[in-house]
Structure formats: C-alpha cells, structure tokens
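Report on the structure given below.
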Amino acid sequence: MAKKREAEVIAIKRVEPLSWWIGMKTPLQLMIYGENLAGSTIQTQRKGVRIKKVHKSDSPNYLFVDIEIAPATQAGKCTFDIKKGSQTVRFDYLLERRHKDSATRKSFSAADLIYLLMPDRFANGDPGNDSTPNTKEKVNRKEPSGRHGGDLQGIIDHLDYLSGLGVTTLWITPPQLDNEPEQSYHGYASADYYHIDPRFGDNELYQQLVVEAHWRDIKVIMDAVPNHCGTAHWWMQDLPFRNWIHQPPEFIRSNYRLVTTVDKNSAKIDRQETTDGWFDDSMPDMALENPYVQQYFLQTYIWWIEWADLDGLRVDTFPYNDRIGIANWTQGILKEYPNLNIVAECWHSSPAVVAYWMGKNKNSDGYSSHLPAVMDFPLQEALQESIAEDSTEWMKGMNRLYEALALDFLYADPKSLLLFLDNHDTIRFADAMKGNKDKIKMGLTLLATLRGIPQLYYGTEYGFRSTNLSKGDGASRKDFPGGWRKDRKDLFTGEGATAHEKEIFEHACRLFNWRKTATVIHKGETTHFLPRNNTYGYFRYTRDEAVFVFLNPTRKDVRIDWEHYSECLKDYGSGTDILTGDQVIVGEEFKVKAHQSVVIELIPTPKKRTKTTASKQPVAAKTKQPKAGKVTKSR
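The sequence shown begins at 8 in my numbering and counts up by one.
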C-alpha cells in the first residue's frame with residue numbers, strides 16, 4: 008500500500024504593504040509571501056473588511072489578495088486566517104485612521120530651495136550602525152565607492168545648518184536597504200522597498216527625521232525607484248511572476264538612448280532595449296506593464312507618503328519604465344494626493360525630449376506622463392558650459408545660456424522645472440569651473456534667481472570639488488567635512504573653512520535666505536536681454552515687484568547701460584543690491600566688477616502726493632544673513 012503523502016506545511020514570511028489606512032482612494036492589494044500558499048483561502052471576521060479576490064501567481068509561495076475597507080471601519084488590528092486543508096496560519100494587520108489633512112497635503116514648489124544629499128556621505132551620527140551583521144558590505148571610508156558610515160541621525164543632527172543656509176526642502180537619495188556586496192551606499196539597487204537600510208537607521212528614525220525637519224519648516228521628499236531593484240532584493244530568489252522583471256534569454260543592458268521613447272520613427276527593438284534592458288547588471292529591470300508590479304509600487308510610495316508624512320517624490324529614471332505603466336503610477340499617486348509635487352529625472356540634452364515628459368504638455372501622440380515637474384537637464388548643461396567659458400561667440404558664453412532659456416516656449420510650465428547646477432550623477436559644478444570661486448558664485452546667483460524650482464547639491468554651497476575625478480562617482484560623492492568625529496575641518500560650523508570656501512558659502516547664504524521670501528522670484532515672469540560682450544541681464548517681475556540680475560563673466564569691469572534696459576525700469580527709480588546691501592540709483596553710474604554678478608531688488612518710484620493720500624516709498628526688506636556655518640539654536 009502506497010504511503011500517504013504528507014501535506015506541505017504553509018507559512019507566512021512577509022505581508023506588504025506593512026499597514027494601511029481607512030479612507031484611502033487607492034484599493035488595497037496585499038502581497039503575502041511565505042511557503043506553499045498556492046490554493047489557500049483567506050478569511051477575516053473584522054467588521055468592515057471584505058476579501059474581494061485572491062489572485063494566483065506563478066510561484067506557489069505568494070498570494071495577492073484584494074481587500075475592501077469600508078469608510079466606517081474602526082481603526083485597529085485586523086486578523087486574517089489563511090487556510091489550506093487542515094492547516095491555518097494567522098497574521099494581524101494594522102488599519103489606521105488618516106490625519107485630517109493628509110489627502111490635501113501641500114508640497115514643494117518654486118518657492119522652495121531643495122537640498123540634495125546622500126546619507127552615507129553627509130554625516131555619521133551613529134557610528135554603531137556603520138556595519139551590521141545582516142548587511143553584506145561593511146564600512147570602509149578609505150574606499151571612494153565604499154560605505155562611509157553616514158546615516159539618518161547625522162542628517163537630523165545638522166538640520167539647523169540646512170535651515171540657516173536657506174534650505175526649505177530635503178531630497179535624500181533612497182534610504183531603503185541596498186544590500187549589494189559592493190557600491191551599495193547610493194541606495195538605487197533596493198533589496199527591500201519597505202525598510203530603511205539598517206546602516207542608515209530604521210523606519211522609526213526616518214519618521215523622526217521628517218518630524219524634526221517639519222519642525223524647522225523643511226519639507227522632505229523621497230527618491231522613488233520603480234524602474235529597477237537590486238540583485239540582492241529578497242524576491243529575486245523566488246519571483247511571484249515570471250514577468251515580474253524583464254528576463255531576456257541573454258542579459259541586455261539598456262542602451263540609454265532616451266530619445267527612442269519619444270521618436271515616432273524608432274525601431275521597436277531600440278525602444279525595447281531602452282526600457283526593458285537592465286540599467287546595470289546589478290539592477291534588474293522591473294516590468295511595470297505587469298498590473299501587479301504597477302500596484303505594488305503604487306502602494307509602496309503611497310505607504311511611505313502616508314506613514315512618514317512626506318511632502319513629495321523625486322522619481323529616478325522615469326522614461327526607462329513602461330510608458331503606460333509609469334503614467335498610471337503617477338496618476339495613481341496624484342489621485343490620492345492631488346496637491347503633491349512629483350519631479351522626475353528625464354535626462355536628455357534636448358528640451359524637446361524633456362518637454363515631452365511634462366504632464367501638462369500637449370504631445371502630438373496624445374501621451375501624458377501626468378508628471379507635475381521634470382528635471383531641467385538641458386539648462387543644467389547650458390549653465391555649466393556658459394559660465395565656464397568667457398566667449399562672445401554665437402553659441403558660447405552667455406549666448407549659450409540665453410539660447411537655452413529662449414526655448415522655454417517648449418514647456419507648458421517652465422516654472423515647474425527643477426533647476427540645478429549639479430547633482431549626484433553629474434560632474435560637480437566646482438570641478439566644471441576648475442574651482443574658480445567667482446564662477447561658482449555666479450552659478451549660485453543664477454540658481455537663486457532663474458525660473459523654476461532650485462536644487463542645491465550638498466557641498467556646492469562651499470564649492471566642493473571631487474577628491475579624484477579618475478576614481479569616478481565615489482570620489483565625487485565625497486564626505487561632508489565635519490560629519491565624522493575625527494574630521495579636522497567642520498564646515499557645519501565653519502571651523503577650518505578656507506577664505507575661498509567662506510566667500511562662496513556667505514554668497515549662497517545671502518542669496519537663498521533672501522529668496523525664501525522673494526515672491527517675485529517664486530511667481531514672477533522673466534524678461535531677458537540678448538547678451539552684450541558676454542554680459543547678461545534679465546528681470547524677474549510681477550505686477551508690483553521687480554528684480555534685476557546682471558552677470559559680468561568677463562575680465563573687465565562693466566558699466567550698466569540703464570537706457571538699454573529702460574523698458575523694464577520705467578516704474579523704478581532705485582533699488583537695493585541684495586548681495587551687498589548697497590543702494591543703487593537707476594540712471595546713475597554703476598559698475599559691475601569683472602567676474603561678478605549683482606541682484607538688485609528694485610524699489611518703485613513714489614507716486615505723486617495728493618491732498619488726501621501721502622504715498623510712501625517702500626523700502627526693500629533686509630534679510631538677516633547667517634554667518635558661515637552658523638548653527639541656530641535647537642529645541
């Protein structure tokens with residue numbers, strides 16, 4: 008007689024999302040992972056919670072379960088029973104009430120200054136978590152591309168520094184677990200989307216970081232990466248579906264030819280290699296056309312927004328996703344949070360290609376990404392090139408910058424573009440300027456006064472340069488001096504800063520603290536004038552305010568020709584140079600020194616007095632500027 012086969016033991020190892028909220032517009036689909044779950048049923052006795060459908064996956068170890076939660080459901084623990092034959096396993100799931108204004112939360116805009124930092128390279132607040140037993144790569148600060156020990160506590164410890172600099176929004180590169188055996192510090196090869204890397208801290212510390220930032224009026228945005236995970240991700244050993252990731256017969260790396268995604272004449276194979284090829288051999292490409300993958304990432308980032316009380320998202324490698332899948336993802340986020348800003352990386356040198364990915368643009372093929380904002384890579388390249396060279400040639404120097412800004416007509420809303428001099432993927436701005444402090448300061452002037460949402464890369468406020476360009480990104484993404492206990496220099500306090508560094512920092516402080524309340528920069532229109540002998544002047548203005556910016560990147564002092572700019576000056580007789588505090592009289596002799604810029608906050612000409620009303624000449628507000636590296640008093 009044949010021996011009776013024993014039933015396979017069922018078990019639960021993971022349930023994602025980790026929790027959920029009552030009153031969400033996004034339907035909840037639980038991904039339950041364990042052992043031998045295929046063929047199971049799931050039940051709950053919780054009032055107001057209904058199992059709508061259980062979906063079968065390719066792997067026998069997953070269940071995808073659609074859950075319906077009635078609006079009147081009480082918050083608290085919900086118990087689910089999974090049954091298979093005579094076996095039952097139970098798990099508890101937390102349902103919470105949303106806070107009152109969660110759905111209508113406000114987000115970052117052109118009124119903000121975004122500060123981009125990499126946790127591993129900013130500050131080490133807790134040396135005890137530099138290496139952990141359950142993570143592969145250990146700390147090695149001597150290795151440029153290794154783990155250096157920076158963490159979330161280090162960021163919390165220096166939030167006052169950021170506030171004093173004028174920062175109002177914080178963009179942190181992905182803080183979730185990246186468990187690759189080497190070069191894992193950057194976070195873009197996720198091994199677990201729902202848990203903070205233990206070398207940075209934990210979920211609760213991340214939540215605390217947001218609370219501390221909000222207390223200082225600093226918003227926090229998360230870097231979202233739905234395009235790829237890491238080869239060390241836990242699901243790579245047991246994918247729920249064969250098409251959970253793109254798995255060609257032989258490894259295919261993306262061709263990185265982003266133009267194929269908008270080229271109506273491009274070959275299918277070229278478009279497919281762009282979007283379906285792996286971004287790197289350690290970064291499996293997610294198949295966002297799979298509705299389960301799409302729902303997974305939608306819930307993931309909604310969970311983080313709701314749980315940590317985030318203020319927005321930055322999306323990595325946006326166009327490399329399935330175009331319909333990523334548009335649905337974006338639309339789903341905005342359905343839950345209509346006022347949320349989402350800025351996406353669409354890295355291309357052509358403004359026409361970048362404009363295609365702006366949600367408000369009217370594309371000829373009818374496609375909309377639904378994105379509120381994109382990163383302005385074409386202008387970033389123009390800024391570096393134009394400031395680096397002193398030339399009057401047709402497409403060089405300030406002519407290059409003028410031509411780039413002249414293409415703003417391609418964008419439905421140029422003010423929603425993310426403006427930046429450099430970031431973690433580009434050459435450092437100071438390297439491009441070969442360390443020239445005057446050119447670095449000029450770049451900061453442009454960053455603070457041009458249209459768009461300014462983003463400052465950590466250390467650019469001091470003119471950071473790479474330690475060794477030949478050693479790649481790791482050397483460019485250098486540690487912030489003062490973030491480690493044995494550092495000889497502390498730029499958070501200014502101790503040990505060189506005169507060169509102090510001059511750049513003080514320039515940045517003046518600009519960005521003034522910008523905080525400069526509504527004319529946040530909301531104003533732009534009129535710019537053709538460069539003359541490689542000098543460049545432009546106005547930012549509203550009906551009631553105006554600011555005049557003049558840049559002289561040449562080797563000679565230049566006198567401002569007020570008559571040339573008269574069409575924008577007819578209502579203004581004077582102003583204040585916000586960089587020096589000096590009064591400027593329109594029409595009088597005013598020279599701008601070589602390699603310098605001026606930002607003049609214009610004061611309207613007083614109107615004639617009447618018998619009933621005495622007009623008062625408004626005085627430009629003076630903004631108190633912090634000293635280099637000054638840390639304001641904490642709670």
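The C-beta atom is built at its ideal place from N, Cα and C for all residues, glycine as well.
| task | Output the distance between the C-alpha atoms of His377 and Gln279, rounded to the nearest integer angstrom. | result | By one-based count along the sequence shown, residue 377 stands at place 370. By one-based count along the sequence shown, residue 279 stands at place 272. Whole-angstrom Cα-Cα distance: 22 Å.
| DSSP state of Ile162, grouped into three classes? | Start at 1 with the first residue of the sequence shown, and residue 162 comes out as number 155. Helix.
| task | Within the same chain, show all residues whose beta-carbon is closer than 8 Å to that of His355, passing over the 5 residues directly before and after it, in chain order. | result | The residue labelled residue 355 in the question sits at position 348 within the sequence shown. Around His355: Leu265, Val266, Val361, Phe384, Pro385.
| query | Under three-state DSSP, which class holds His507? | reply | Taking the first residue of the sequence shown as position 1, residue 507 is located at position 500. His507: helix per DSSP, three-state reduction.
| said: Please tell me whether Gly481 and Pro151 are closer than 9 Å, where the distance is taken between their beta carbons. | reply: Start at 1 with the first residue of the sequence shown, and residue 481 comes out as number 474. Start at 1 with the first residue of the sequence shown, and residue 151 comes out as number 144. Yes; because the gap between Cβ atoms is below 9 Å, this pair is in contact.
| According to DSSP, which residues form a beta bridge with Asp88? | Counted from its first residue, the sequence shown places residue 88 at position 81. In the DSSP output, where bridge partners are listed per residue, Asp88 has Gln50, Arg97.
| Which whole-angstrom value is the C-beta distance of Leu457 and Leu426, which I expect to be below 8 Å? | Translated into positions along the sequence shown, residue 457 becomes position 450. Translated into positions along the sequence shown, residue 426 becomes position 419. About 6 Å separates the two Cβ atoms, so the contact holds.
| said: Could you compute how far the alpha carbon of Ala114 sits from the alpha carbon of Lys90? | reply: Locating residue 114 in the sequence shown gives position 107, counting from the first residue. Locating residue 90 in the sequence shown gives position 83, counting from the first residue. In the sequence under discussion, the amino acid at residue 114 is Ser, which differs from the Ala named in the question. Pairing Ser114 with Lys90, the inter-Cα distance amounts to about 44 Å.
| request: Measure from the alpha carbon of Pro140 to the alpha carbon of each residue in Ala196, Ala18, Lys496, Arg206, then state which is nearest. | output: Your numbering for residue 140 matches position 133 in the sequence shown. Considering only alpha carbons, the answer is Arg206.
| message | Rounded to the nearest angstrom, what separates Lys60 and Gln52 at their Cα positions? | response | One-based indexing of the sequence shown puts residue 60 at position 53. One-based indexing of the sequence shown puts residue 52 at position 45. Distance between the alpha carbons of Lys60 and Gln52 is about 16 Å.
| task | Answer with buried or exposed for Gln590, where buried requires no fewer than 16 other C-beta atoms within 10 angstroms of its C-beta. | result | Counting from one through the sequence shown, the residue named residue 590 turns up at place 583. Result: exposed.
| request: Classify Met365 as helix, strand or coil using the three-state DSSP reduction. | output: What you label residue 365 is simply residue 358 of the sequence shown in a count that begins at 1. Coil, per DSSP.
| message | Using only the alpha-carbon positions, how far apart do Leu609 and Asp578 sit? | response | Translated into the one-based positions of the sequence shown, residue 609 becomes position 602. Translated into the one-based positions of the sequence shown, residue 578 becomes position 571. Cα-Cα distance, rounded: 9 Å.
| task | Would you please verify whether the beta carbon of Ile312 is less than 9 Å from any beta carbon of chain B? | result | Checking the listed chains, one finds no chain B in this structure; it contains a single protein chain.
| field | Cβ-based burial, Arg550 [other Cβ within 10 Å; buried from 16] | value | Reading the sequence shown from its first residue, position 543 is the one you call residue 550. Classification for Arg550: exposed.
| Close Cβ partners of Asp137 (< 6 Å) along its chain, the five nearest in sequence each way excluded | Translated into positions along the sequence shown, residue 137 becomes position 130. Here the set comprises Val146, Gly156.
| said: Measuring only the C-alpha atoms, how far is His193 from Gln183? | reply: Mapped onto the sequence shown, residue 193 falls at position 186. Mapped onto the sequence shown, residue 183 falls at position 176. Spanning the two alpha carbons is a distance of roughly 10 Å.
| request: Counting only runs of 4+ residues fully inside the region 433-471, write out the alpha helix (DSSP H) ranges in chain order. | output: 436-439, 444-456
| request: Using only alpha-carbon positions, find the residue among Val300, Gly544, Ile592 that is nearest to Phe248. | output: Residue 248 sits at position 241 when you count from the first residue of the sequence shown. Among Val300, Gly544, Ile592, the Cα nearest to that of Phe248 belongs to Val300.
| query | What distance in whole Å lies between the Cβ atoms of Asn443 and Pro538, which are believed to be in contact at a cut-off of 8 Å? | reply | Counting from one through the sequence shown, the residue named residue 538 turns up at place 531. Counting from one through the sequence shown, the residue named residue 443 turns up at place 436. No, Pro538 and Asn443 are not in contact; Cβ-Cβ is about 19 Å, not under 8 Å.
| query | Can you tell me the Cα-Cα spacing of Glu313 and Asp185, whole angstroms? | reply | Translated into the one-based positions of the sequence shown, residue 313 becomes position 306. Translated into the one-based positions of the sequence shown, residue 185 becomes position 178. For Glu313 and Asp185, the distance between alpha carbons rounds to 22 Å.
| field | Three CB pairs or more closer than 8 Å across the region 271-290 and the region 249-263 | value | yes
| said: Here's a check: name, in chain order, each residue in its chain whose Cβ is nearer than 7 Å to the Cβ of Pro181, leaving out the five neighbours to either side. | reply: The residue given as residue 181 occupies position 174 in the sequence shown. Closer than 7 Å at the Cβ level, and outside the excluded window around Pro181, lie Gly194, Tyr195, Ser197, Asp230, Val232.
| query | Using 8 Å as the Cβ pair cut-off and three pairs as the minimum, do the region 102-119 and the region 518-538 touch? | reply | yes
| query | Taking the continuous beta strand (DSSP E) assigned at Arg539, which residues delimit it? | reply | Counting from 1 along the sequence shown, the entry for residue 539 is found at position 532. Note, Arg539: premise wrong, no beta strand (DSSP E); not H, not E.
| Given a threshold of 16 other Cβ atoms within 10 Å of its Cβ, counted over all protein chains shown, does Arg492 qualify as buried or as exposed? | Along the sequence shown, one-based indexing puts residue 492 at 485. In summary, Arg492 is exposed, with fewer than 16 beta-carbon neighbours lying within 10 Å of its beta-carbon over all protein chains present.
| request: For Glu219, name the three-state secondary structure that DSSP assigns. | output: Taking the first residue of the sequence shown as position 1, residue 219 is located at position 212. Glu219 falls in the helix class under three-state DSSP.
| Spatial distance of Lys640 from Asp167 (CA atoms) | Residue 640 sits at position 633 when you count from the first residue of the sequence shown. Residue 167 sits at position 160 when you count from the first residue of the sequence shown. Confidence at Lys640 is low in this model, with a pLDDT of 34, below 50, so the placement of that residue should be treated as unreliable; the coordinate-derived value is given next. As the crow flies, the alpha-carbon of Lys640 is around 8 Å from that of Asp167.
| Cα separation between Gln215 and Ala413? | If you number the sequence shown from 1, residue 215 lands on position 208. If you number the sequence shown from 1, residue 413 lands on position 406. Taking the straight line from one Cα to the other gives about 43 Å.
| Cα-Cα separation, Val381 to Ile76 | Taking the sequence shown and counting its residues from 1, the one referred to as residue 381 is at position 374. Taking the sequence shown and counting its residues from 1, the one referred to as residue 76 is at position 69. Their backbone Cα atoms lie some 35 Å apart in a straight line.
| request: Output the boundary residues of the alpha helix (DSSP H) element that contains Arg330. | output: Translated into the one-based positions of the sequence shown, residue 330 becomes position 323. Run containing Arg330: 330-343, per the alpha helix (DSSP H) assignment.
| task | Please go through the same chain and pick out, in chain order, the residues whose beta-carbon is closer than 6 Å to the beta-carbon of Ile592, but skip the five residues on each side of it. | result | If you number the sequence shown from 1, residue 592 lands on position 585. Excluding positions up to five away in sequence, the list reads Ser581.
| request: Please classify Val218: is it buried, with 16 or more other beta-carbons within 10 angstroms of its beta-carbon, or exposed? | output: For the purposes of this step, residue 218 is taken as the residue at position 211 of the sequence shown. Per the 10 Å Cβ criterion, exposed.
| request: Using the Cα positions of Arg112 and Ala389, report the straight-line distance between them to the nearest angstrom. | output: Translated into the one-based positions of the sequence shown, residue 112 becomes position 105. Translated into the one-based positions of the sequence shown, residue 389 becomes position 382. In a straight line, the C-alpha of Arg112 is about 34 Å away from that of Ala389.
| Tell me the DSSP bridge mates of Ala380? | As a working note, residue 380 is residue 373 in the sequence shown. Bridge partners of Ala380: Val350.
| Okay, do the region 591-605 and the region 547-562 touch, 3+ Cβ pairs below 8 Å being the bar? | Contact holds: three or more Cβ-Cβ distances are below 8 Å.
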